[in-house]
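According to mature numbering (1 follows the signal peptide of the UniProt record, and there is no 0), the residues represented by the sequence shown are -23 to -1, 1 to 372, in order. Cβ coordinates follow ideal geometry from the N, Cα and C atoms, glycine included. If you're wondering where the values come from, they're calculated on a predicted model, not measured in any experiment. What follows is one structure encoded as structure tokens, with my remarks underneath.
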Amino acid sequence: MTEISRNLFLRQCLALGLSSSLAAALSATGVFGASKPSKVVIVGAGAAGLTAGYLLRRAGVEAQIVEAAKRIGGRVKRLKGFADFPVDLGAEWIHDEPSVLGDIVDDASILMDVETIDYEPQQFQSWVNGRLKQQNWLRRVYAEYKFKTTTWYGFFERFIVPTVRDQIHLNSPVSSIDYSGSQVVVKTKRGQVFTGDKVIVTVPVSMLQRDAIRFDPPMPKAQSRAIRGVVMGDGIKVFVEFSKRFYPDVLIFDPAAKVASGGDYKTVYDAAFGKGSRRHILGLFAINAQAAPYVRLSDRDVGAKLIGELDQIYDGQASRYYVKHVVQNWSKEPYIQGSYSYDFDDAEFDSMAEILAPLQQRVFFAGEALGGRNQATVHGACQSAHQTVKRVLAS
């Protein structure tokens, strides 16, 4: 591509609203002059699906987003009214510098409108074999970022959803994807039919492992094996309001379990930390084996179990100061059924390449499991969407 034609290409892309980084990437790969798809169907309206739709629409491509649940967001979910700040029932931490938020929407200026906090807890404790220990040394090595007045859901709601809102179809679980003809045909359990030049599948890996979607022709065996090799265990979050605070910033249950297993984790934490809240809100976050004792219980029994555990640690103060609780059991969400991916059977990058491989350059995949080194994060899911959209537009 000559420099003149490349510059013209970039200007035209920017006029259409296509990000400079995405336009430059397409230019560098020689896509200029190629025939881009006119219509893409996206399966799933979680972080990856919404981001993919946003990028495609800005590139001038029609994108229909088909979501199985009755709401958008996937494992990004918000609860209002429980506290004096919105609660993240799903993904909560940013897990990177706040600048990654601008990267997601290809607009660094939004950082002026998103208030984040330096999440640097000062009080750490651990509970191991019936003993409570101070672990404040962790404050020297642990630091994160969180939203202050909004949530991950609020971020998508404000910056991404307005671009794709009119193309989202809720309560539409996809049952099959047929890419054997001239158009890819996506059918739902409700009898809806969507067609497109390409399809991007962004459902949780657990749904692919359970063969919730039938592919015609069938997915290659190596790709299917790679998908089944991803570990995605149980997951649950609980938020409890107390009339008095008696807990530290962070309490970790059996921290050696995470080290030994590579994925089991259970912690309670001050969910109001840095929020400017007047309320005492404690969060529980547990995944995999540490979540298993909770996820088969009713929401009421989950609360009772957690309060009982805290009473044992803090001399009955949990029962004494309990006000209310709310449970988000991700293992019981019918179109998610778990927390997030955390292992690829010791062959992460080989498996990643297998899973990412498009089916005949017509069916593509994206999601948190494909986030590379940012796997299991929201921004990892979004980065996966960026990469997949580039491949779709270049195919």
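Around Pro98, the same chain offers Asp226 and Val227 as residues with beta carbons nearer than 6 angstroms, after the five sequence neighbours per side are excluded. Secondary structure note for Ala40: its beta strand (DSSP E) is the uninterrupted segment Glu39 to Val43. The segment 246 to 263 makes contact with the segment 61 to 68, as at least three CB pairs between them are under 8 angstroms. Of the other Cβ atoms in all chains shown, fewer than 16 fall within 10 Å of the Cβ of Thr126; this residue is therefore exposed. A residue is called buried once 16 or more other Cβ atoms fall within 10 Å of its Cβ, and Gly206 is buried on that count. Separation of the CB atoms of Ser152 and Thr165 is rounded to 6 angstroms, and the pair is thereby assigned contact status at 8 angstroms. Under the Cβ criterion (8 angstroms, minimum of three pairs), the segment 260 to 280 counts as touching the segment 305 to 314.
Taking the CA atoms as reference points, Pro311 sits about 25 angstroms from Gln360. Ala346 is positioned such that its CB atom lies closer than 8 angstroms to that of Val182.
Judged by their CB atoms, Lys16 and Asp174 are nearer to each other than the 8 angstroms cut-off. Taking the CA atoms as reference points, Tyr298 sits about 55 angstroms from Gly37. In the DSSP annotation of this structure, the continuous segment of the alpha helix (DSSP H) that includes Ser296 starts and ends at Gln294 to Tyr298. Exclusion of the five residues before and after Ile204 leaves Val182, Leu185, Gln186 and Ile332 as the residues of its chain whose Cβ lies within less than 7 angstroms of its Cβ.
Secondary structure within the segment 111 to 137: the beta strand (DSSP E) runs of 3 or more consecutive residues, fully enclosed, are 121 to 124 (chain order).
Across the set Gly280, Tyr291, Asp247 and Glu121, the C-alpha of Glu121 shows the shortest separation from the C-alpha of Trp70.
The beta carbon of Val217 lies closer than 6 angstroms to those of Leu259 and His302 in the same chain, with the five residues before and after it left out. Within the segment 163 to 239, the complete beta strand (DSSP E) segments at least 3 residues long are 170 to 173, 175 to 178, 191 to 193, 212 to 219 and 227 to 230, listed from N- to C-terminus. Per DSSP, reduced to three states, the secondary structure at Thr354 is coil, with no helix or strand assignment.
A Cβ-Cβ separation of about 18 angstroms leaves Ile145 out of contact with Val369 under the 8 angstroms criterion. Relative to Thr179, the option among Val18, Ile94 and Lys13 whose CA is nearest is Val18. For Leu259, the uninterrupted beta strand (DSSP E) run begins and ends at His257 to Ile264, by DSSP. In the structure shown, the three-state DSSP call for Ser153 is strand. Taking the CA atoms as reference points, Arg350 sits about 28 angstroms from Val43.
Using a Cβ-Cβ distance cut-off of 8 angstroms, the segment 29 to 36 and the segment 133 to 140 are in contact, since at least three pairs of beta carbons, one from each stretch, lie closer than that value. When the beta-carbon positions are compared, Gly280 and Val366 stay at least 8 angstroms from each other.
Following the DSSP letters along the chain, one finds Gln289 in no beta strand (DSSP E) but inside the alpha helix (DSSP H) bounded by residues Asp276 to Ile290.
Each residue's CA atom was taken as its position, placing His363 and Arg135 some 19 angstroms apart. Its Cα nearest to that of Arg222, the residue Val245 stands out among Val245, Val355 and Gly344.
The residue among Gln352, Ser220 and Tyr242 with its C-alpha nearest the C-alpha of Pro270 is Tyr242. Beta bridge pairing from DSSP links Ile145 with Ile42.
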